[in-house]
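The sequence shown begins at 519 in the working numbering and counts up by one.
These notes concern the structure reproduced below.
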Amino acid sequence: MKYKITVNNKIYEVEIENINARPVVAFVDGERFEVMPENAGQAEVKKDARQVEKKSFNPNPAPATSSSPNQALSGNVLNAPLPGTIIEVFVKPGEKVEAGQVIVIIEAMKMKNSIRSVFSGTVGEVLVSAGQSVAHKQALIKFADLGEASWI
519 MKYKITVNNK IYEVEIENIN ARPVVAFVDG ERFEVMPENA GQAEVKKDAR
569 QVEKKSFNPN PAPATSSSPN QALSGNVLNA PLPGTIIEVF VKPGEKVEAG
619 QVIVIIEAMK MKNSIRSVFS GTVGEVLVSA GQSVAHKQAL IKFADLGEAS
669 WI
């Protein structure tokens, strides 16, 4: 499906192959992106057959002011987009990474998935190791400082 979307007064042509696939593959002005939507961004949540609650979506939420006891909920953590087994970790604490750089490889259903950083910054803590099983949204890497975020 093709859409025209305006962001900051700029019009983008977006084509989505299959909205139900995960990750969603979208082409924005001819450039391919893989997007992993989260449940929090859904436009509608049905309570029952007669009532529909509308939720708003903010693409630029304010950063958290307090540190979360759950690392997966804090803003400086790279989370696992799918459950699986860590095959390889490519970064160490103190190392600088760029947005789009492969950080870890997770094997799920006999397929190796390269997990890329959505942030540029310095790695503060590596929370997983090769051979470890991880759950969906489990924290993988904690960043000491963050640079630019990316949709890669």
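Glycine included, C-beta positions come from ideal geometry on N, C-alpha and C.
Mapping the DSSP letters down to three states, classify residue i as helix, strand or coil.
i	result
residue 600	coil
residue 661	strand
residue 537	coil
When the Cα atoms are used, what is the spatial distance from residue i to residue j?
i	j	result
residue 620	residue 608	7 Å
residue 630	residue 615	21 Å
residue 541	residue 618	16 Å
residue 595	residue 657	6 Å
residue 522	residue 634	27 Å
Quick one: residues in its chain with C-beta nearer than 8 Å to the C-beta of residue i, no 5 flanking neighbours on either side, listed in chain order?
i	result
residue 460	What the structure shows of the chain is the stretch from 519 to 670, and residue 460 is not part of that stretch, so it cannot be assessed.
In its own chain, which residues sit with a C-beta less than 7 Å from the C-beta of residue i, not counting the 5 before and 5 after it?
i	result
residue 632	620 and 623
residue 535	543
residue 647	604 and 607
Answer with buried or exposed for residue i, where buried requires no fewer than 16 other C-beta atoms within 10 angstroms of its C-beta.
i	result
residue 662	exposed
residue 529	exposed
residue 659	buried
residue 599	buried
residue 526	exposed
residue 639	buried
residue 538	exposed
residue 553	exposed
Discussion item. Could you tell me which whole beta strand (DSSP E) segments of length 3 or greater appear in the stretch 607-662?
Written reply: 620-626, 629-634 and 637-644
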